[in-house]
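> First residue of the sequence shown: 15, per our numbering; consecutive thereafter. Positions of the beta carbon are idealized from the N, C-alpha and C atoms, including for glycine. Got a structure here, written out as C-alpha cells. Questions coming.
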Amino acid sequence: MTPSNTDISNAEWQLMRIIWTHPGLTSRQLIDDAQSILPWKEGTIKSLLHRLLQKNLLRQDKTVRPYAYYPTLSQKEALDHSFQDLMQRVCNKQRQMIISQLIADNDLTQADCQDLMQQLRDKLKTAPQNIECQCPPHQCTCQSHCP
C-alpha cells in the first residue's frame, strides 16, 4: 500500500516516531506510550491514528486482536519526502542557502562533516556552472525574470 499523502503534521510525526521505533504496537500500547511523553488525551491520539490510516501512512493488521499498527514507509522515506517538499518550495538558486543553514544550525560529528565534504567533492565533479531558476515570473527574488 502506497501512502496517498506524505504530508505529516507535527503531531502525526510524534506518533509516527513511536511507531517507527516500535512497529506492531496495539492502539492501547500506542496511547500509553504517547501519553507517557506527550500531554495528549486518548481521543487526540485516536484521531491522529485515524488520520494516519486515511493517508495510508499506517496499516492496521486485522488478523490479530487487538489490531497492530505498522508504518507503510520508513522514517528515512518520510524525511526524504519532507525535504523534497521543502526544496520544491524554494528557488533552485536558493537551495544552497537552505542546505548551508541546515549544516550551520545542527550539531554534526567530525565523521558527519567528513562524509558531507566527500559528498560535495563527488558532486563537484558533475555540478553545472549555473542553475536555472524554475520559479514562475513575479514569484522569485533571484532576479532571473527581470529584463
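1) Helix, strand or coil for Gln74, going by three-state DSSP, please let me know.
2) Please report the distance separating the alpha-carbon of Gln133 from that of Asp126.
3) Work out the CA separation of Gln128 and Gln98 for me, nearest whole Å.
4) Quick one: is Leu130 buried, meaning 16 or more other Cβ sit within 10 Å of its Cβ, or exposed?
5) DSSP has Ala82 in a bridge; who is on the other side?
6) Considering Thr13, what are the terminal residues of the alpha helix (DSSP H) in which it resides?
7) Among Thr77, Gln74, Asn24, whose alpha-carbon lies nearest the alpha-carbon of Leu52?
8) Gly57 to Ser41, Cα distance in whole Å?
9) Use the C-beta contact count for Ala92: other C-beta atoms within 10 angstroms, 16 or more gives buried, fewer gives exposed.
10) Is DSSP giving Gln115 helix, strand or coil here?
11) Based on Cα-Cα distance, which residue from Trp34, Lys60, Cys154, His36 lies nearest to Gln102?
12) Run the CB neighbour count on Tyr83, radius 10 Å, all protein chains shown included, and call it buried at 16 or more, exposed below.
13) Assign Ala125 to one of three DSSP states: helix, strand, or coil.
According to the structure data:
1) strand
2) 11 Å
3) 24 Å
4) exposed
5) Thr40, Asp75
6) No statement about residue 13 is possible, as the shown extent of the chain runs from 15 to 161 and does not include it.
7) Asn24
8) 11 Å
9) buried
10) helix
11) Cys154
12) buried
13) helix
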